[in-house]
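Chains as they are written, first to last, in my numbering: chain A, 3 to 647; chain B, 2 to 411; chain C, 1381 to 1807.
Structure representation (structure tokens):
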């Protein structure tokens, strides 16, 4: 109801200037509308929005959604809609206009900037639209591009808003707009204080521009109307060089002489094989060149360059300050105070976010390494093909998704299937190769490496070298958002949960089952175990199979969060071995500790140097190498008999 | 070199003879010095293969004789290449920059020349300052010293740390692999000052030798590589033939026992590790001017594993085995991956060797480890009639050294 | 032992002579130097097939100069030194008239000394970082001013981006491109603090921290845009993390220079709609030439699902241009063909004409596309053809350099001192 009144009101108020219908405006600006640029299209959009023609909103909306078309034959615009093999056309005045073949119409594709302008213009129509989605879009558009003009319609629309979520959003948005565009100081300060210690990125985005500063240099008094943030003293807050650069930028002092300029001056004044009394051949050192330049300067042929003494003197004669762009001191003070309050909280939250990231990385490493904790940790078999089992699991997931298109179902099928496939592969490998090499560990390393390169190439031959998609089900999309700083994607949470599940499974298997008992017996003393009626061959085979199978499941998880390629496994193999070795071989808690250590370390280093992720990896490995030198048995070392030799 | 040395190592003379004949034949068939029957690119391949043989020799000493499976020797190889490559790049660029600045009106200052070289070399990766590690690059002799000292020093420090804490067996292998990976990742960074992923390129153009064609240079390098291989072979044969050789073999077979006998196991290991690192570095310094470009991909962990593969296929614990393995596998590999081997049509599927060679190689490797632990070198034992003690039958128990079925019956 | 060496030598000689296949006089040999195995195989195999398709087509038209064309395909296996070795083999053993090849910059830098030494001819079909001009190489891909700079202009002018995150894989193309962009942005008045740069390793998969860092850039109220030079597989994880973090193109647009139709095939693009890519070609370009090209490609490869991409168009243009130049020169002699190359024109698949410039670069239109749910791009901006610039105008050391082979006979000519810095290219 209210919407109708508003629309009527708008239409009414625009009535006197209703010179053109929307269709006419479009036709008049056809060239611009066909190839719009954000910088020039503004007036046209405004004109449309203000035309008062009820069709205008429809046209703008269609244009923004890429549903406006141009008939090639006569250059007339239509609202278009895809039909089977062509377009259904609607004239701009809303009447149906038949159909057109696909090739006869050019679709207009305004870029995102223009679409943003259109959305902003549409805000006045949609803020109170009965369609909730449209109201939400309108709010999004205001948030993206806050304008003073939006303040009034937004305030007007709050009263009629019946959706509590949107109402809260509108109020928040109103507050944010008030910070920037509020009518007077009191309103703005009140708006700033109204947010308290809110963490929102949008709030900081509103506050930070208020406290943005520029550095200026001045001779005597602060320029009129400047809102001083702080005074800077040369030599303390800023270096003499910076200070002089400010002077040069402000036109208060001559620029310094650069080496290149000096050289140019010398070249220009070259006469009879000498400059300023210095022979040309002698000019191959900076000292001689300076001498030549000074001679020219003395003769007055070149302008004098600022010497160091002059620079110092000029800097001393001036004062320097940082000033706010925002002229109102009360607002900047309130904003500074608010930001300071938020600052510590943001810092703490960033720490928390980093910790979450580290934990998530640790769980990925743990997941990749847990199979190895069985085959290497318990059985002491160096399986370089472990990474390829991970890859095999990921490809199993991919193949399953080709058959079962329901992502949830396909993951449910893929997990056990990946286990089965890699279990079988592991058992086959143990029977055919590893069994014969139990007494030659170094050769196991090489033989399994051979298998690894063969399997990698095989995967390339079968699936190609391109990354294959393994798509997570819809309910794993998105992230768990605590606030604007701390968030973690659901898929990472799922990996974390899975890692914990496997930890529990491993503990249960080793400590609570007959198989676990037998495994431990066989690894500690095979002959004694054999004489107790345990078949070491069978146990080794099963253990290896389970270790490989777990790697396969890990592969599905890793494929979901990253990518499926034939090199997936080799990306993780070295890290996995390190995780197990650092943690301490033969102890699952050690592997966990190793994963946490490596994950935290890597994120920590990344935090120190955010622009170079590669460096983080490098230093992480270096640390591990050093760590192993000083604690060769890892974080949690086995003691006594279990430690073996 | 007494007569007894050659008498103890009959393979040395044969090896040197074969190497000499090989070098001579290639020279005669080369474009530059003979019948123009072997192309320059193939001579380069042969020269590079000789360098690989040299590093395989080093690998054989450390793994076949001392029992330390190092997965880091290709890193030392690449470091050697980087060491020489820095000088090659600097000197070549210096010629260009000096020539360019000489066209100027004003003679260039030393600083301008240095700045010009830096811009030329690092402009590609968006920098224009010389990193600190290039401080010796202007001097050939200093840089040559670094070729030996940097990998040697790294090996000594790393080895000292690792052997001191008694890191042995597979742990050491993994640790050396980690070292290689760390080094590769470090060099991949542009900030490392060695042009990151691009590495050092154009190394085949030797400074001051513009007038010499690559046809001739390639033969010179072949000679140099052959000489280095020959010297390396003699040196290592000498090292393994004396008492020292016995000790390191003993370490391989039972480290504890040697330690209890009073030998400084760590000292021996460290010496072998460092020596082989230096040999690998020299091989690398000869290899990369022939390859033309060195970049961090060269020291990926997989390269070192391939090195172990060559030695294993050639036959561990005998020097000529390593040479054969490296030569055989690398040449056959490059042949199969060159795209010139005809495909095998099976009717329903065509086997293209480019795609399947890695699979075959990987499986070969498993088979060699399982069934022919002596590698190709074992063939010479067959010819010479050398028999290894043959313990027939399956083991009766799962422990080490259990009696075999047939032994138990006898 | 003797016996073994003998066998090896025989094998070696066999190899060498097998390489020297008798150069038949009735064919013109064309070298194809693209990796068919290793990490780059996925991208480069497509280009090998494109060259084969073009050769096939030319032969059907009756060949060239009355001779049939014959492809010599070698596999440098994504191994950079091997590129130099194979290039030498192609030029000296097979005596090819021209080579089409390379993808990565480092492979090109590896080949450069060889083609310059042996005076070969190489067509390089991939967008690259510029700062290079070789007498023996024709660059048919985009130089930075034909891809990166227009994309940044689009950000500045059309999207009003005020703060930039330059994310790249740590290798030469992103490094140099970002360097150029940084100084370009500074020249456009963007302060240095508002440019965030990050480099990640090849195949990086753990993107959560970087994505949240980029999102946090918005805290000072400036509109943030991401310029991605992330290469290959790493993109999969990057875009997945973007989608998970709820980063929409509206809030935080990402423009990619290395993501094309081929890369999107490995992704579910429904969450990425609206993110951008800048190229000189998109498969969705609506021209008759493009439709014919796609049709021919599908027929040649026997798979209607295969996408086409920008380097394929560059290969197509390069090949056509070489054919025209050979016809004009009447010979395949490298020097004659090079002289005939300048000014050659071939219609772009996206409309307009590609013309070979004296600096061995092309004129190309710059297209900006938005990712659509079906993995194709919606072209939202297309410029007039832009002339490729070998030396960027936005780095002080390069701004004074000029490349003009027919006019000045120099690829690295210093306009200030009026001297030729070097005749060979810098590698």
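Idealized CB from N, CA, C, for every residue including glycine.
It should be emphasised that the depicted structure is a prediction, and the values quoted were computed from it without experimental measurement.
At the C-beta level, residue 1414 of chain C and residue 1481 of chain C come within 7 Å of one another. Straight across, the Cα-Cα distance linking residue 385 of chain A with residue 609 of chain A is about 33 Å.
What residue 113 of chain A touches in chain C, judged by beta-carbon distance under 7 Å, is 1538, 1760 and 1761, going in chain order. Residue 72 of chain B is positioned such that its CB atom lies closer than 7 Å to that of residue 174 of chain B. Boundaries cannot be given for residue 375 of chain B, as no beta strand (DSSP E) includes it and DSSP labels it neither H nor E.
When CB distances to chain C are screened at a threshold of 7 Å, the residues of the region 605-618 of chain A falling below it are 605, 608, 612, 613, 614, 615 and 616, in chain order. The beta carbons of residue 627 of chain A and residue 60 of chain B sit no closer together than 7 Å. Residue-level contact check: residue 1507 of chain C does not touch chain B, since none of the beta carbons of chain B fall below 7 Å from its beta carbon. Between residue 162 of chain A and residue 130 of chain A the beta-carbon gap is near 6 Å, inside 8 Å, which marks them as a contact. When DSSP assignments are scanned along the region 1761-1789 of chain C, the uninterrupted stretches of beta strand (DSSP E) that are 3 or more residues long and fall wholly within it turn out to be 1781-1784. Residue pairing by DSSP places residue 83 of chain A opposite A:90 in a beta bridge. Proximity to residue 12 of chain B across B:323, B:337 and B:370 peaks at B:323, based on C-alpha coordinates. Leaving aside the five residues that flank residue 1540 of chain C on each side, the residues in its chain whose CB is nearer than 8 Å to its CB run, in chain order, 1603. CA-CA distance, residue 128 of chain B to residue 229 of chain A, rounds to 40 Å. Look at residue 43 of chain A here: in three-state DSSP terms it is helix. Any Cβ of chain C closer than 7 Å to the Cβ of residue 252 of chain B would place that residue at the interface, and such an atom is absent.
Note that the region 1546-1566 of chain C touches the region 1578-1591 of chain C; at least 3 beta-carbon pairs, one per stretch, sit closer than 8 Å. In the three-state reduction of the DSSP assignment, residue 622 of chain A falls in the helix class, which pools H, G and I. The Cβ atoms of residue 178 of chain B and residue 302 of chain B lie closer than 7 Å to each other. With respect to the 7 Å criterion, residue 28 of chain B and residue 241 of chain B are not classified as neighbours on the basis of their beta carbons.
Residue 350 of chain B counts as exposed, since fewer than 16 other beta carbons sit within 10 angstroms of its beta carbon.
Taking a contact to require three or more Cβ pairs closer than 8 Å, the region 381-401 of chain A and the region 547-562 of chain A qualify as touching. Of the residues assessed, residue 540 of chain A falls on the exposed side of the cut-off, its CB having fewer than 16 other CB atoms within 10 angstroms. Following the DSSP letters along the chain, one finds residue 72 of chain A inside the beta strand (DSSP E) bounded by residues 70-73.
Taking CB atoms only, residue 87 of chain B has no neighbour in chain A less than 7 Å away. Boundaries for residue 1446 of chain C: no beta strand (DSSP E) harbours it, and the DSSP string shows neither H nor E there. In this structure, DSSP gives residue 1543 of chain C an extended state, which the three-state scheme calls strand. Short of 6 Å from the beta carbon of residue 428 of chain A, and not among the five residues preceding or following it, lie these beta carbons of its own chain, in chain order: 546, 547 and 550. In this chain, the beta strand (DSSP E) harbouring residue 321 of chain A covers 321-326. Linking residue 402 of chain A to residue 435 of chain A through their CA atoms gives a straight-line distance of about 29 Å. Annotation: residue 618 of chain A to residue 225 of chain A spans about 47 Å, alpha carbon to alpha carbon. Of all residues in the region 449-460 of chain A, those with a C-beta nearer than 9 Å to a C-beta of chain B are 449, 450, 451, 452, 453, 454, 455, 456, 457, 458, 459 and 460, reading in chain order. Of the candidates C:1607, C:1555 and C:1497, the residue whose Cα lies closest to the Cα of residue 1535 of chain C is C:1607. For a Cβ distance threshold of 9 Å, residue set 1419, 1583 and 1613 of chain C lies close to residue 569 of chain A, ordered along the chain.
If you draw a straight line from the Cα of residue 63 of chain B to the Cα of residue 156 of chain B, it is about 12 Å long. Looking at the backbone, the Cα of residue 544 of chain A and that of residue 596 of chain A are separated by about 26 Å.
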